[in-house]
Amino acid sequence: MAVELTFYSVMVLIGEITIIVLLSLLVFAFFLVAVTALSIRKGRLYFPRLLKSGFYMLEGVVRGLTRLFGISEKDLITFFIRLQNSMNTTTFEKVPVEKRAIFLPQCLRSSRCPADLTPEGLVCKQCGQCQTGEAIARLREMGYRVFIVPGSSFIQRMVQKYGPEAMIGVGCIIEVKDGLEMCDRQGIPAIGIVTQKDGCVETLVDWDEVCSVARRGLPETAPKPAQEPPEVDHPAV
Ligand code: SF4
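Position in the sequence shown (from 1) plus 202 gives the number in this note's numbering.
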């Protein structure tokens, strides 16, 4: 009888602890969602470290609860990307440019792109049919290793091969989120830039933003983002 009572007591205790833990997690999830909603509304990041660990721990619950606060899935992911970018910036800036890499999605190319597919990704021929070629030249001039990504496993392969210590990734919102999470797991400070137009063909990105992010932490002498062509004084006829 004494043994049964002890067993019963232990089971009750386990049940009570489980309920307390679950309730605490639910309260924490509500707190995370409230802070996220406030951060989005105010355009500021409150408790970024706590938010980041909380998202990783309770992503599914947070996703469900955010709907109650009128936050769409897209807004939540955009916020998560902003959060990651902001937390990675200082470490990113300390990495010398020769140890950084940029990964561009192939969908930025023209549909008539003549680039060759190689083990190092798609190699741009600077044909001038899209802005990617010109941007790649500028980024390489800064000292970056630049890749056009042909498929999903490519980035991981290049990370293993070249071991970049900081990365910039361009892509659609989901690709950027997944890429940032992958870099986070591997301890690589990364900045994600979301394309302006979704889709799989001829998407768009703000190249000035890409170059501006790429210049972070570089000396002032590094090539600047897109500049207006100099005005030419036409001689009077
Ligand atoms: S500039 Fe480069 S990426 Fe763009 S279409 Fe030409 S070869 Fe392809």
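The C-beta atom is built at its ideal place from N, Cα and C for all residues, glycine as well.
Would you identify the three-state DSSP class for residue i, choosing helix, strand or coil?
i           : result
residue 250 : helix
residue 297 : coil
residue 217 : helix
residue 303 : strand
residue 429 : Caution applies to residue 429, whose pLDDT of 45 falls short of 50 and renders its modelled position unreliable; the value that the coordinates give is listed next. Reduced to three states, the DSSP call for residue 429 is coil.
Enumerate in chain order the residues of its own chain whose CB-to-CB distance from residue i is below 8 Å, with the five nearest sequence positions on each side excluded.
i           : result
residue 462 : Limits of the chain in this structure are 203 at one end and 439 at the other, which puts residue 462 out of reach.
residue 230 : 256, 260
Find out if the Cβ-Cβ distance for the pair residue i, residue j is shorter than 7 Å.
i           : j           : result
residue 306 : residue 317 : no
residue 285 : residue 250 : yes
residue 341 : residue 304 : yes
residue 371 : residue 345 : no
residue 314 : residue 331 : yes
residue 391 : residue 290 : yes
residue 235 : residue 268 : yes
residue 283 : residue 378 : yes
residue 367 : residue 301 : yes
I'd like the list of long-range same chain contacts for residue i, defined as Cβ closer than 6 Å, with 5 residues on each side in sequence excluded.
i           : result
residue 436 : A caution first: residue 436 carries a pLDDT of 37, below 50, which makes its placement in the model unreliable, though a value can still be read off. Excluding sequence neighbours, residue 436 sits near nothing in its chain.
residue 396 : 375, 378
From the DSSP output, read off the bridge partner residues of residue i.
i           : result
residue 399 : 406
residue 393 : 370
residue 351 : 307
residue 325 : 318
Leaving out the 5 sequence neighbours to the left and right, which residues in its chain are closer than 7 Å to residue i when beta-carbon positions are compared?
i           : result
residue 212 : none
residue 399 : 405, 406
Exercise for the section: Would you list the residues whose beta-carbon is nearer than 5 Å to any heavy atom of ligand 1, in the order they occur in the chain? Expected result: So the residues near ligand 1 by this Cβ test are 311, 312, 315, 317, 326, 327, 329, 331, 332, 334, 335.
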